[in-house]
Structures are given as structure tokens and as C-alpha cells.
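S.K.: Residue 1 is where the sequence shown starts when you use the UniProt record's numbering, and the numbers rise one by one after that.
Built from N, CA and C at the ideal position, the CB exists for glycine as well.
Keep in mind it's a predicted model, so treat the numbers as computed, not measured.
Handing you a structure now.
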Amino acid sequence: MWKPRQDSFSSAEPSSPTSARLRNPGRRIAQIVKLKPQFLDKYKEVHAAVWPEVLKQIKDCNIQDYSIYHDADSGILFATFRYVGYDYSGDMERMRENPKVRQWWAMTDGWQESLVPGAQSSEAGEPSWWKPLEEVFYQP
């Protein structure tokens, strides 16, 4: 049975302060959530001008190549990004600690329906608001 490539992450620090830390090639992450149809225009509007504090926090939490797609037939939002850090849980906790990010989530979560049983909000953390997806194919 095919298994997705397992990216290895080393949490070990370099042996000396002057040695360069190996660059993390990143782990691809994909997630989905359902957008309530009456909020499509508003969702597009706010994502055309994402608050600078939110963009900075995303970058500071080692998230790159972040895209969100919308399927008009199902209302599904599909997000994909590359995580290039070494402590995903810690970075997501730092994301939740940012008041502007929490304000953004409070606004956008109300326009969405989570597909994760028991999910309360993006801020609540676990279970996650956006449903994680399994990678079944990758072509580098």
C-alpha cells in the first residue's frame, strides 16, 4: 500500500553556535472547512486585504506557500501550506496567543462550518476547526 513520504524533522540544535542549522524542507499540510454561502463575498473581500499583523504571525509561525481555494458547488474551502518549522504545536500555540489572529478567527469562523466533530473554534485548538487531510500523492 502506498504511504506518503514522511518528512523527518530534527529538533536538535547545531553542535556549535557558528554552524548553520539545516533548513527544514517543509511539510505540506492541507485542510478543509465549509463556507456558509451567504458569506462568500465577504470572505473574498477580507482575504483580498488580510491584516498585516495576521500575515506577519503566519510567517513568524513558519508557514509558507499558504493558499485557500473555494469550490462553489460544495462550499468547501481548501487550504494548503508548507510548514518549515521544527515545533508545529508550539508555533500553533504562538499563533493562538496573538490577539489580532484571535480577532481574525472570531470574524471568519462565524462564516464557516467545521467538518470536525466537536470543533468549537479556531482559537480553541483541539479538535481543530479546519479538518486535516491525508496526502495520497505528491510529485516533487
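Using 10 angstroms around the beta-carbon of residue 50, count the other beta-carbons present and answer buried if the total reaches 16, otherwise exposed.
M.R.: Label assigned to residue 50: exposed.
S.K.: Mapping DSSP to helix, strand and coil, what is residue 128?
M.R.: It is coil, neither helix nor strand.
S.K.: Do residue 33 and residue 129 have their CB atoms nearer than 8 Å?
M.R.: Yes. Within cutoff.
S.K.: Note the first and the last residue of the continuous beta strand (DSSP E) segment covering residue 65.
M.R.: Counting along the chain, the beta strand (DSSP E) containing residue 65 begins and ends at 63-70.
S.K.: Nearest to residue 142 by CA position, among 88, 58, 137 and 75, is which residue?
M.R.: With the chain running from 1 to 140 in the structure shown, residue 142 is simply not present.
S.K.: Could you check how far apart the C-beta atoms of residue 24 and residue 88 are, in whole angstroms? I think they sit under 8 Å.
M.R.: About 11 Å; that fails the 8 Å criterion.
S.K.: Alpha carbon to alpha carbon, how far is residue 94 from residue 31? Give it in angstroms, no decimals.
M.R.: Their Cα atoms are separated by approximately 19 Å.
S.K.: In the DSSP assignment, find the alpha helix (DSSP H) that holds residue 94 and state where it starts and stops.
M.R.: 88-97 is the span of the alpha helix (DSSP H), which, as asked, contains residue 94.
S.K.: Would residue 112 and residue 35 qualify as a contact pair, given that the criterion is a beta-carbon distance under 8 Å?
M.R.: Yes, Cβ-Cβ distance for residue 112 and residue 35 is below 8 Å.
S.K.: On the CB-based measure, 16 or more other CB atoms within 10 Å of its CB, does residue 77 come out buried or exposed?
M.R.: Burial call: buried.
S.K.: What three-state label does DSSP hand residue 138 in the structure shown?
M.R.: In the structure shown, residue 138 sits in coil (DSSP, three-state: anything other than H, G, I, E or B).
S.K.: Take the Cβ of residue 137 as the centre, count every other Cβ of all protein chains shown within 10 Å, and call the residue buried at 16 or more, exposed below.
M.R.: So residue 137 ends up on the exposed side.
S.K.: Under a Cβ-count criterion, where at least 16 other Cβ atoms within 10 Å of its own Cβ denotes burial, should residue 73 be classed as buried or exposed?
M.R.: Under this definition residue 73 is an exposed residue.
S.K.: Quick one: what's got a C-beta closer than 8 Å to residue 37's C-beta in the same chain, skipping five residues either side?
M.R.: 75.
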